[in-house]
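A.B. asks: To convert, take the position in the sequence shown, counting from 1, and add 188; that gives this note's numbering.
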Amino acid sequence: MGIDTERDIEANIQIGPTSLGMVRIFIEGGGVEIPMDFDPEEAEEIAEEIRAAAQAARAVAPKRK
């Protein structure tokens, strides 16, 4: 399975700062909790990747009326 494979899985995501100056992405679903901590520079790189992926998705998505 790859990133383009659809799955019927529900999950929640929370993103916020920690008390240690990190950015935490916290994913919870199916009884599993995944906390991922990034320094602010890494978090900004991830944000840029998300923006680039959103732009690419818009280019291939069917036009909505």
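Glycine included, every Cβ here is placed at the ideal spot set by N, Cα and C.
Using the C-alpha atoms, what's the distance from residue 202 back to residue 213?
C.D. replies: 6 Å
A.B. asks: Helix, strand or coil: how does DSSP classify residue 205 here?
C.D. replies: strand
A.B. asks: Pull the bridge partners of residue 223 from the DSSP assignment, please.
C.D. replies: 214
A.B. asks: Are three or more beta carbon pairs between the stretch 237-252 and the stretch 204-220 nearer than 8 Å?
C.D. replies: no
A.B. asks: With the cut-off set at 8 Å, would you say residue 210 and residue 225 are in Cβ contact?
C.D. replies: yes
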